Structure formats: C-alpha cells, structure tokens
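Below: one structure, written as structure tokens.
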Amino acid sequence: MAVLLALFIRTFVVQAFKIPSGSMKPTLEIVDHLLVNKFIYGLRIPFIDTRILDFHPPQRDDVIVFIYPKDKTKDFIKRVKGLPGETVEVRNKQVFIDGKPIDDPYGFFEDTSGAMRAQRDNFTSFTVPEGHVFVMGDNRDYSHDSRFWGAVPIDAILGKAFILYWSWDTKSFRPRWSRLGMRIPD
1 MAVLLALFIR
11 TFVVQAFKIP
21 SGSMKPTLEI
31 VDHLLVNKFI
41 YGLRIPFIDT
51 RILDFHPPQR
61 DDVIVFIYPK
71 DKTKDFIKRV
81 KGLPGETVEV
91 RNKQVFIDGK
101 PIDDPYGFFE
111 DTSGAMRAQR
121 DNFTSFTVPE
131 GHVFVMGDNR
141 DYSHDSRFWG
151 AVPIDAILGK
161 AFILYWSWDT
171 KSFRPRWSRL
181 GMRIPD
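Just so you know, we're using the numbering used here here: the sequence shown kicks off at 1 and counts up by one.
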C-alpha cells in the first residue's frame with residue numbers, strides 16, 4: 001500500500017528533480033535538488049501528454065519542468081516568458097511581449113560573445129501558438145530554450161518548481177546551506 005501511495009504522489013502530486021546545467025543560474029545552481037508541484041496546472045496523464053483536469057494555466061515567470069520537445073526522454077527546466085497568443089521578441093537581450101519591453105528581474109547575462117550570440121541576443125518576432133508557452137533560461141547567455149527550438153506544449157509541462165530541498169557546491173564539496181528550503185521565485 002505504501003508503494004502505491006508513493007507512486008501516486010510521484011506521478012500526480014510532487015516529484016524531485018536535480019539541476020544538471022547552469023541554464024537557470026543564478027536562480028538555480030548546478031546540482032540543486034528541487035521539488036516540482038505536478039498538480040498545480042491540472043491532472044496530467046503520464047505517457048500520453050494529456051490533461052484531464054485543468055486548474056489554471058501557467059503564468060509568466062513560473063519556473064516549469066517539461067518534456068523537452070526535441071527529445072521526449074529528457075526533462076528540462078526553464079522560466080515561462082511568453083503565453084499563448086502573445087508575440088515574443090528579443091532585442092539587444094531585452095524581452096518584448098506584444099511590442100512592449102517587460103520587467104525581467106530574473107534575466108542574467110554573463111557572456112558578451114559566443115557562437116549563438118545573434119539568435120540569443122536578437123530573436124525575431126514569434127507568436128506563441130495556442131496551447132503552448134515560450135520559455136527561457138534565466139542565464140540567457142547559456143540557455144538553449146524557445147529561442148532555438150520553439151514553444152513548449154502546455155500538455156508537456158510536468159509541473160511548477162517550488163522549493164529547493166538540497167544544494168551541493170561541486171567546487172568546495174560542501175552543502176550550500178543558505179539555499180536549503182529556498183522558495184523558487186516566480
């Protein structure tokens with residue numbers, strides 16, 4: 001019975017994830033461990049990418065975990081920037097929604113050059129299809145996101161990240177105590 005309850009909770013309510021890359025720095029660091037609320041957007045049926053109950057749609061700046069559109073065996077984590085029907089554009093690293101610059105307190109920039117610079121720093125106008133969201137990593141200079149592979153289907157969203165339960169510094173080999181229990185900002 002305990003195994004079935006644990007399986008139910010992991011499948012429909014909450015799941016743990018580990019951050020594998022720096023694409024969400026400084027909000028999320030490499031090897032941060034976090035919990036994702038899988039119930040917040042509705043009841044999602046695994047393996048068929050369908051929701052049978054929709055509670056409320058993702059909001060701008062929600063940090064979501066989703067099935068990567070280019071490889072369904074991988075889960076990605078990014079921040080929602082564009083909502084269905086909105087037009088997203090990036091000019092000189094500034095995000096515009098429907099032609100207006102948005103407040104972007106989570107955008108982090110650490111590189112002034114790079115091979116992906118043109119597409120990364122200046123992204124032409126893109127209208128988010130219905131049933132999709134446009135996502136970006138907080139570490140904009142080192143994030144492969146919707147600027148490179150398009151919008152994410154809402155049905156592919158696994159949940160919303162909400163709290164860090166463990167953080168490990170791979171350089172000092174010590175826990176990052178100050179990050180434990182940190183709420184993921186949205």
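By construction, the Cβ of each residue, glycine as well, lies at the ideal position given by its N, Cα and C atoms.
It should be emphasised that the depicted structure is a prediction, and the values quoted were computed from it without experimental measurement.
- Here V80 carries a strand assignment [DSSP, helix/strand/coil].
- Remark: C-beta atoms of R51 and F12 do not approach each other more closely than 9 Å.
- Beta bridge pairing from DSSP links T50 with I45.
- Distances from the CA of D62 to each of W168, F134, Y68 and D121 were compared; the closest alpha carbon is that of F134.
- Membership of R147 in any beta strand (DSSP E) is not indicated; the residue belongs instead to the alpha helix (DSSP H) covering S146 to W149.
- The residue from V88, F108 and G107 with its alpha-carbon nearest to that of K100 is V88.
- Sequence-distant partners of M182 (beyond 5 residues in either direction) whose C-beta falls short of 6 Å from its own C-beta, in its chain, are L164.
- CA-CA distance, D111 to T170, rounds to 22 Å.
- DSSP places D104 in the coil class of the three-state scheme, outside both helix and strand.
- Residue state for S178 is assigned as helix, using DSSP reduced to three classes.
- Taking 9 Å as the cut-off, the Cβ atoms of D138 and P46 do not count as close.
- In the three-state reduction of the DSSP assignment, R140 falls in the helix class.
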